[in-house]
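Chains as they are written, first to last, in our numbering: chain D, 1 to 320; chain W, 1001 to 1320.
Number of protein chains: 2
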Amino acid sequence: MDKLHKGWFTEFSPDDLEKMSNPDAPEDSSSKLLKSDGQEMGGAWPGQAFSLQVKKVLFHEKSKYQDVLVFESTTYGNVLVLDGIVQATERDEFSYQEMLAHLPLFAHQNPKKVLIIGGGDGGILREVLKHDTVEKVTMCEIDEMVIDVAKKFLPGMSCGFSHEKLDLYCGDGFEFLKNHKNEFDVIITDSSDPVGPAESLFGQSYYELLRDALKEDGILSSQGESVWLHLPLIAHLVAFNRKIFPTVNYAQSIVSTYPSGSMGYLICAKSDTRDVTTPARVLSDEQVKNMNLRFYNSEVHKAAFVLPQFVRNALEKKKE
Amino acid sequence: MDKLHKGWFTEFSPDDLEKMSNPDAPEDSSSKLLKSDGQEMGGAWPGQAFSLQVKKVLFHEKSKYQDVLVFESTTYGNVLVLDGIVQATERDEFSYQEMLAHLPLFAHQNPKKVLIIGGGDGGILREVLKHDTVEKVTMCEIDEMVIDVAKKFLPGMSCGFSHEKLDLYCGDGFEFLKNHKNEFDVIITDSSDPVGPAESLFGQSYYELLRDALKEDGILSSQGESVWLHLPLIAHLVAFNRKIFPTVNYAQSIVSTYPSGSMGYLICAKSDTRDVTTPARVLSDEQVKNMNLRFYNSEVHKAAFVLPQFVRNALEKKKE
């Protein structure tokens, strides 16, 4: 099995890929395991792989931080791949972008200042700008090449980069947060997986910085991995955040091209004055249509926080 | 790309696989498209593929109806594959089995007689037998070889085949229904996709037979494909069932190893006296534990019927 083989791109678990390129290494020696706070959280999705048929490779270069690939697929439109992992396809990206952005934004009564960490493809930015309440969006993306390829090859996602409400910083989100206190109504971490450049975005000290950068009634959402694949990591994230935030919730939705087809969202609030699992602003059918929402609606908001029993068990067990 | 290559099994869309074996055929000539009522409903999951790493092939034979493969995977336990398509893995099968079985069973106040069509692996049977109300389960599976391999290689799923409440028929579900009228409280169709032996289980005349075999307060559930991949087929199923049943509902859940990671369930009731989207019998935490439910609970029941906006749009459009 190769990553690009007979016209198909295959997304392997980074740890499996490392083993394939070095089959003689001892079984448990992978440097490509998921990590949080120095703890190893297992392989990303060992023993499984997802493939997309490639029509044409549009871009393939190494940036300062990662391998950046964009290809045109036969059935999912253009596809952005970072370090061998599918980040977004034109066909299903709306599911992830809408849920990660609108869960915290509609849980908030009046979000004015929003910070996006990561999100270089522009999809989250596009969704944030749909909220009339928003006066300023700050975005902190470490890899300028991701923004550049999105502008060129993912126009439907990158449409917000020229918006007057945007303040764009190219740099490390972790470092950025250190200089921003009590400033944002909503913060959204749109990161890749915790192996490579995004590893620091899955540790307790990062979430402490997030809390401090939020206003008192602020809400944050973070990419929260898959319940099928990353329960130990998710339970760890939920457990340490319960020490930092009065309310910590986990939601999930389906995303066709993410590993195992589902994605989770960690939603935390700095105060306990409201229940983020129900929207503070409920949308009519007409508003859903006018905002061009294809996944999110106010019922979906609530249902996303209803977790399968095995996930509930895992998160409650950790609580005890 | 080959189906078994360097220790990995790859599940291609049947139509893509046909094209690969006959690359010179005209673009739109596939005999492997999904079909319902003679209408072609597109490829199964064109342009994408899912792979599992194989530890050991345990069984591989052609039955009278299909190609039957069982292998031990490295990370999903034993895997049952029919005609190249993953039907169940030991690690995630509970999600599909619990939802397909318990949505209609808990929507019913007092299910006594249950019919399962298909379901040869035994997973649905296992879940049905968890209901004390059930007095008799009739099962009609066309392919005896599936039952035999499940008994041998999937003991956690096939544990109900020796149960005294079971009446097992090996034969065609469509033919079986013609001789059974007004007999069952709940009918569950646990079929493979509508290409090959299960094609007849996705047409209007099949659902008319199902209606007639149900008692007046009867409820049925059917495997309902994926919202990411089969919206035209789902919209067709919903539309013709609205002519047959007073209430037609669609639910979905996540299943790690199904194409695009999600699976839908078509739930219809013969009368309109109750809303099947809320359970008629609500479970306590203790009951959930005692029934060894790992996916389903009463909150999950309700949330499963909340559909993403793009699915709602597609099903409502068809309604007009």
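Cβ atoms here follow ideal geometry from the backbone N, Cα and C, with glycine treated the same way.
Note that the structure is predicted; figures quoted are calculated from it, not measured.
Could you give the DSSP three-state label for residue i: helix, strand or coil?
i, result
"D:N110", "coil"
"W:A1280", "coil"
"D:L307", "coil"
"W:V1128", "helix"
"W:H1163", "coil"
"W:M1290", "A small fix is needed here, since residue 1290 of chain W is Asn in this sequence, not Met. Of the three classes helix, strand and coil, the one that applies to W:N1290 here is helix, per DSSP."
"D:N78", "strand"
"W:D1121", "coil"
"D:S260", "helix"
"D:E141", "strand"
"D:V146", "helix"
"D:Y96", "helix"
"W:N1249", "strand"
"D:H60", "strand"
"W:K1302", "helix"
"D:F71", "strand"
Is the shortest distance between the beta-carbon of residue i and the beta-carbons of chain D less than 9 Å?
i, result
"W:L1233", "no"
"W:I1147", "no"
"W:D1016", "yes"
"W:D997", "Shown here, chain W extends from 1001 to 1320; a query on residue 997 of chain W therefore has no answer."
"W:A1044", "no"
"W:Y1321", "The structure shown does not extend to residue 1321 of chain W, since chain W spans only 1001 to 1320, so no value can be given for it."
"W:L1154", "no"
"W:V1195", "no"
"W:T1010", "yes"
"W:L1229", "yes"
Relative to the alpha-carbon of residue i, which residue among the options has its alpha-carbon at the smallest distance?
i, options, result
"D:S332", "D:E175, D:D143 and D:V137", "Outside the shown range of chain D (1 to 320) lies residue 332 of chain D, about which nothing can therefore be said."
"W:R1274", "W:V1114, W:P1104 and W:G1123", "W:P1104"
"W:I1219", "W:S1271, W:L1237 and W:I1254", "W:S1271"
"D:G42", "D:L229, D:S191, D:G118 and D:I116", "D:L229"
"D:G119", "D:M157, D:S36, D:H108 and D:F153", "D:M157"
"W:Q1223", "W:D1217, W:T1247 and W:M1263", "W:M1263"
"W:E965", "W:P1194, W:D1185, W:K1165 and W:E1208", "Outside the displayed range of chain W (1001 to 1320) lies residue 965 of chain W, so it cannot be described from this structure."
"W:L1125", "W:I1187, W:K1152 and W:A1049", "W:I1187"
"D:G84", "D:G47, D:G196 and D:R281", "D:G196"
"D:K112", "D:L166, D:K64 and D:P155", "D:L166"
"W:A1150", "W:N1078, W:G1173 and W:R1312", "W:N1078"
"W:E1316", "W:S1095, W:E1144 and W:L1237", "W:L1237"
"W:V1306", "W:V1227, W:L1082, W:P1026 and W:D1217", "W:V1227"
"D:G123", "D:E141, D:Q204 and D:G160", "D:G160"
"W:P1279", "W:E1286, W:I1267 and W:K1064", "W:I1267"
"D:R91", "D:I142, D:M99, D:G7 and D:S73", "D:S73"
"W:T1089", "W:F1153, W:D1193 and W:P1308", "W:F1153"
"W:L1033", "W:P1023, W:A1025, W:P1026 and W:S1013", "W:S1013"
"D:T144", "D:E216, D:G203, D:S221 and D:K62", "Sequence inspection shows Glu at residue 144 of chain D; the Thr mentioned does not correspond to that position. When each option's Cα is compared against that of D:E144, the closest is D:K62."
"W:K1055", "W:K1064, W:V1070 and W:V1134", "W:V1070"
"D:D15", "D:K130, D:G7, D:I234 and D:A25", "D:A25"
"W:Y1169", "W:I1117, W:V1288 and W:S1253", "W:I1117"
"D:V146", "D:F59, D:V134, D:F202 and D:E286", "D:F59"
"D:K130", "D:M291, D:Q309 and D:R211", "D:M291"
"D:R312", "D:N249, D:H102, D:E18 and D:C140", "D:N249"
"D:Y65", "D:S253, D:E27 and D:I142", "D:I142"
"W:D1132", "W:P1155, W:M1139 and W:H1102", "W:H1102"
Can you find a CB in chain W that lies within less than 9 Å of the CB of residue i?
i, result
"D:R242", "no"
"D:A239", "no"
"D:N297", "yes"
"D:G261", "yes"
"D:I219", "no"
"D:Q97", "no"
"D:S256", "yes"
"D:S73", "yes"
"D:M1", "For D:M1, the pLDDT reaches just 43, beneath the cut-off of 50, and the residue's location in the model is therefore unreliable, although a value from the coordinates is still provided. Closer than 9 Å: yes."
"D:S162", "no"
"D:V282", "no"
"D:S253", "yes"
"D:E315", "The sequence shown places Leu at residue 315 of chain D, rather than the Glu named in the question. With 9 Å as the cut-off, D:L315 does not count as an interface residue toward chain W."
Confirm the yes/no value for this check: CB of residue i, any heavy atom of the ligand NAD, distance under 8 Å.
i, result
"D:E141", "As for the ligand NAD, it is missing from this structure, which has no ligand bound."
Item to complete: Go through the region 200 to 237 of chain D residue by residue and report every complete run of the beta strand (DSSP E) that reaches 3 residues or more, in order.
Response: You should have 214 to 223.
Worksheet item: What alpha helix (DSSP H) runs, 4 residues minimum, are completely inside the region 8 to 51 of chain D?
Response: Within the region 8 to 51 of chain D, the complete alpha helix (DSSP H) runs of at least 4 residues are 14 to 21.
Fill in: Against chain W: residues of the region 101 to 125 of chain D by CB proximity under 8 Å
If the cut-off is 8 Å between Cβ atoms, the region 101 to 125 of chain D has nothing near chain W.
Worksheet item: If contact means a Cβ-Cβ distance below 7 Å, which residues of the region 287 to 311 of chain D contact chain W?
Response: Contact annotation: in the region 287 to 311 of chain D, residues whose CB is within less than 7 Å of a CB in chain W are V288, L293, R294, F295, Y296, N297, E299, V300, A303, V306, P308, Q309 and F310.
Practice prompt. For the region 34 to 63 of chain D, enumerate the residues whose C-beta is nearer than 7 Å to any C-beta of chain W, in chain order.
Written response: Listed in sequence order: P46, G47, Q48, A49, F50, S51, L52 and Q53.
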